[in-house]
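Sequence lines, in order, name chains A and B. Residue numbering for the first sequence is 1 to 353, as defined by our numbering. Residue numbering for the second sequence is 1001 to 1353, as defined by our numbering.
Number of protein chains: 2
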Amino acid sequence: MGDRTSRRKVTIREVAERAQVSISTVSHAFSGVRPISQATRDRVFAAAGELGYDPNPSARSLRTGRSGLVGLVLRPRYAVAHTRDRAETFNRLVGSVATEMLRRKVGLIHVPDLDDPATAGVPMDGCLVAHPYGGDGVLTELLRRNVPVVTIEEDPERPALPWAVRLDYTTAVTALLDHLAAQGADRIALLTGSEDNAWNRRPRETHETWCAEHGRSARTALLSESLSDAGAAGRIRRMLAGRRRPDAVVVATSDFAAIVTQVADELGLRVPDDLMVAALTDSEHSRRSHPPITAMDLSHEHLAAAGVDLMLARLAGAPTPDEPVVVAPDLRLRASTRRAGADDGDGRPRGPR
Amino acid sequence: MGDRTSRRKVTIREVAERAQVSISTVSHAFSGVRPISQATRDRVFAAAGELGYDPNPSARSLRTGRSGLVGLVLRPRYAVAHTRDRAETFNRLVGSVATEMLRRKVGLIHVPDLDDPATAGVPMDGCLVAHPYGGDGVLTELLRRNVPVVTIEEDPERPALPWAVRLDYTTAVTALLDHLAAQGADRIALLTGSEDNAWNRRPRETHETWCAEHGRSARTALLSESLSDAGAAGRIRRMLAGRRRPDAVVVATSDFAAIVTQVADELGLRVPDDLMVAALTDSEHSRRSHPPITAMDLSHEHLAAAGVDLMLARLAGAPTPDEPVVVAPDLRLRASTRRAGADDGDGRPRGPR
DNA sequence: ATCCCCCATCAAAAGGTTTTGATGGTGTGC
DNA sequence: GCACACCATCAAAACCTTTTGATGGGGGAT
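Structure, rendered in C-alpha cells:
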C-alpha cells in the first residue's frame, strides 16, 4: 500500500525481517509443511499482507521441480486456421481443453514452438499433444526430454504409446458406410486429406476393409487440406464429371464437403438422390449447407476431458489405464444422405435431434 | 541417447564439464551474449547434444526476471460455458487469442485462479484480462502485483486505464437502433444481461441516449445470463403478452434472442412484421433461428489481435497509444429485422454478406 | 623490444524459494 | 530432581541459470 511504484518485487526475506522470524519460518507458515505457532503465523501473514508479498513462481519451480502447468501443442493444420471451418475446429479443441483445465484449476500453456531455440523451454510438468502426425517430431522431442506426454488422438506410428485418448473411427465410419449402403449407395468414394494423422489414416483403413468385406472396389482420392476452395472445386468437378462417377462421397474436411454439394448443384446432380455427401468432421459448413450435410462430429469436448483427466492422473501418480482411452465420435445424420423412401435398416432415428 | 530413463535432468554444469569449459562459457555459447571461438562453441554444442541438454526454464526466469509467457484471464460468465452458445463465445475468444499468440511465437497461459493460494502464481510477464467487470477484483490484484495488464474490453469503472482494447458500442448500437426505426419500429425494448461489464453497460447507455434524442421512452429490462431457457422464456412471455408490448426487442445474449422468436411464435406474433428481434452477440443460435436473427458480432478475432499486439508492444517497451484501441463490432442484418417494403434509409446493403 | 589493447575464457555472485538437519526451551513421566 | 521427548524455530544447502568484473595470452603499433 505505502509502496511507490517500485518495480522491485517483495521477497520472502523482507517478509521474514518484518515479522522478526527466519526465512524458513515464513515458508513453513505458508506451506504448512511444519507446524508454526499461531502467534508467529499471524505475524507472518500480517507482514506479508502489508508488504504485498507474493511468492516468485520461478524460484518455487526451480526448487520443487514442478510448475503446476501443463502444456498443449497442436499440429500445424490447426495452427494455421485460415478458413472459418478450420478455425471452428481449432477453437473448439483449444476451448475444450482450456475449459477442462480451468475446471480443475490447473494452468494451461499453449506451447508456441518447441524446436525454436529462441522460444526455448516453457516450464511444464506435462504436455498434451493433439492430433500428432505419424512419427511426430514434437512427440519424439518431448519423450527425449522426459516430459510426461498424453496425446489426444494417437500417433499412428506409435500404437504402443499407452497414454493416449483416441476416437473409435472403425465403429463410426463403418456405421456411416452401412448407412450410405442402406440408403442405396453403390459406389462410395472416400476423399481424405493428405496430412498423415489418425483422422486421415483410420477412416481410409476402415473404408478399405469395409469395401473388401462388401465386395466393392475402394475408390479413394486425396484432397489436400492446403487446397484452396477453387482448387478443391476443380478436383471434385473432374471426379463428378467422369464416367462411372460415385453415387456417394465421404469427404474428410467438412468445408470441402460443402463444396461437393455446390459442384453437384452446378452439374445438375441432386443431393442426396443422385449423390450422397458426408463429412468426417462437423462444422458450420456442413450444418448450413443446402442440404445440410451428414457429418461425424469429432467430440472435441469428450476428447479434451478424457485427455486432461489422463494427464492429471499421470502427474498425480495415480493408476492409469494401460491402453488408450477410446471416445466415440458422434454421427450426425442429415438430409445429404437421406433418400426419400429408403430404409436405414439399423433402427436409428431418422430426424436430426 | 545412451542415457537410461533417468528422471535426472542434465544441467549446464555437466555440459561444461564434458566440453572442458566453464559454465559461463556454455551459457555464452548458447545466448551469444559474448563472443566464443568457433572451436569451443562446436565442442559445447556437441557436448550438449550428446547429453541431451535443455536449459531449465524456471532457473532462467528466476535469473532474468522474465518468462516469455503471457497470461489470459476470462471472467466467470465464459468460464462456466454451459450452453453451446456461451461455449461458442468462449471458444472463439480463447481460440483467437491463442492463434494470435502462436503466430507471434509467444507462450500463452490460461490462468486458472488468481486468488486461490493453492494454485499460486504463474510465471507471466504480462496478463490479458478479457471482459472485466466494473472495478474487477482480478484487475485490482494484477495491478497490485505490478503485472503489466492489457484488457480486452474495458473495465467500465476504470476508464482511465489506457491499456485496453474496446468495442465501439456507441456507433454499432446507434446504427442498429436507426435501422430498427427505419424498418418501422416504434417501441424498442432492450434486454441486457445482469453482469456488470462493458458489453451490458455501454449498449444500455447508448439506448438511453438514443431514446432521449428521438423522444421515446427507454424501455429496458434485465435478463440475467444465469437464467435457464425456461426461466428466460417465462420473463419474455410476460413482456410480450402485456399491453403496449414492444414492437422490437434487442436482446444481449443471442441464445435468449432465439427464445424471443420462439415465444413470439407461440403467441402468434410474426417476426419481423409484428416484432423485430436483434441480438448483441452473434452465434449459431442467431444464425440458425427461424427467421435468422440480426446480430452484432463482437469481432473476437480483431479484439484478440489488437490486444495481443498491445501487450507485446508494452512488454517490448515500444510506444503504445495513450488511449484505448477501438475495434468496430460487425452488424449482421438478417431477416428478423427486415420488413417487406420498408426502407432502411441509410444506404446500407439489404442482404446479408 | 615495449606497451597496449582486445579477445576468449573464467570465477563468483545473484536471483528467491523449499527442504532438512540442528538447536534451544518447555513440559512430562518417574 | 532428572532424563527424555517434543515443539517451535533457525541456519544453511540446494535448485540452475545469467551476468559481470577479472585474467591471461597473443598480436599490432610504436
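From the three backbone atoms N, C-alpha and C, an ideal C-beta is built for every residue, glycine too. Model, not experiment: these values are computed from the prediction.
For residue 127 of chain A, the pairing in a beta bridge is given by DSSP as A/71 and A/149. A distance below 7 Å between beta-carbons, with the five flanking residues on each side excluded, links residue 236 of chain A to the following residues of its chain, in chain order: 259, 260 and 263.
Under DSSP, residue 107 of chain A takes part in a beta bridge, and its partners are A/69. For residue 1281 of chain B, the secondary structure class from DSSP, reduced to helix, strand or coil, is coil. Beta-bridge partners assigned by DSSP to residue 197 of chain A: A/133. Checking the DSSP bridge columns, you'll see residue 1220 of chain B partnered with B/1190. DSSP places residue 328 of chain A in the coil class of the three-state scheme, outside both helix and strand. DSSP places residue 1320 of chain B outside both helix and strand once states are collapsed to three, so it counts as coil. In terms of beta-carbon proximity, residue 1293 of chain B stays away from the interface with chain A, with every pair separated by 7 Å or more. Listed in chain order, the non-local C-beta contacts of residue 141 of chain A below 6 Å within the same chain comprise 114, local neighbours out to five positions each way being set aside. For the pair of segments examined, the stretch 1324 to 1341 of chain B was found to touch the stretch 1280 to 1299 of chain B: the number of CB pairs separated by less than 8 Å reaches three. The C-alpha of residue 9 of chain A is placed about 24 Å away from the C-alpha of residue 1310 of chain B. For the stretch 1035 to 1060 of chain B, the beta-carbon criterion of a distance under 9 Å to any beta-carbon of chain A is satisfied by 1052, 1054, 1055, 1056, 1057, 1058, 1059 and 1060. Here residue 319 of chain A is exposed: its Cβ has fewer than 16 other Cβ atoms, across all protein chains shown, within 10 Å. Around the beta-carbon of residue 13 of chain A, fewer than 16 other beta-carbon atoms lie within 10 Å, marking it exposed.
Under the three-state reduction of DSSP output, residue 1054 of chain B falls in the coil class, being neither helix nor strand. Residue 122 of chain A places its beta carbon less than 7 Å from that of residue 111 of chain A. In the same chain as residue 218 of chain A, and ignoring 5 residues on each side of it, the C-beta atoms closer than 7 Å to its own belong to 207, 208 and 211, in chain order. Nearest in C-alpha terms to residue 147 of chain A, of all of A/88, A/66 and A/191, is A/66. Burial state of residue 1143 of chain B is exposed, judged by a 10 Å Cβ sphere holding fewer than 16 other Cβ atoms. Legend: CB atoms of the stretch 1125 to 1142 of chain B lying less than 7 Å from CB atoms of chain A are not found in any residue. Distance from the CA of residue 1306 of chain B to the CA of residue 1058 of chain B, rounded to the nearest whole angstrom, comes to 29 Å. Here residue 244 of chain A is exposed, its C-beta having fewer than 16 other C-beta atoms within 10 Å. Assigned with DSSP and collapsed to three states, residue 1010 of chain B falls in coil, not helix or strand. Excluding the 5 residues flanking it on each side, residue 1061 of chain B has same chain C-beta neighbours closer than 6 Å at 1067 and 1123, in chain order. Residue A/257 holds the alpha-carbon nearest to the alpha-carbon of residue 229 of chain A among A/170, A/257, A/136 and A/298. Assignment of residue 204 of chain A by DSSP, reduced to helix, strand and coil, places it in the helix class. Its Cα nearest to that of residue 1189 of chain B, the residue B/1173 stands out among B/1173, B/1197, B/1195 and B/1071.
When the alpha-carbon of residue 1250 of chain B is set against those of B/1201, B/1176, B/1322 and B/1267, the nearest one is in B/1176. CA-to-CA, the gap between residue 161 of chain A and residue 136 of chain A works out to about 12 Å. Between residue 1242 of chain B and residue 1201 of chain B, the alpha-carbon positions lie close to 26 Å from each other. Under the criterion of beta carbons closer than 8 Å, residue 314 of chain A and residue 150 of chain A qualify as touching, at roughly 7 Å. With a cutoff of 7 Å on beta-carbon distance, residue 285 of chain A and residue 93 of chain A are scored as not near each other.
In the DSSP assignment, residue 250 of chain A falls within the beta strand (DSSP E) that extends over 248 to 251. Shown here, residue 26 of chain A sits in a helix according to DSSP, grouped into three states.
When the five nearest sequence neighbours on each side are left out, no beta carbon in the same chain lies closer than 6 Å to the beta carbon of residue 239 of chain A.
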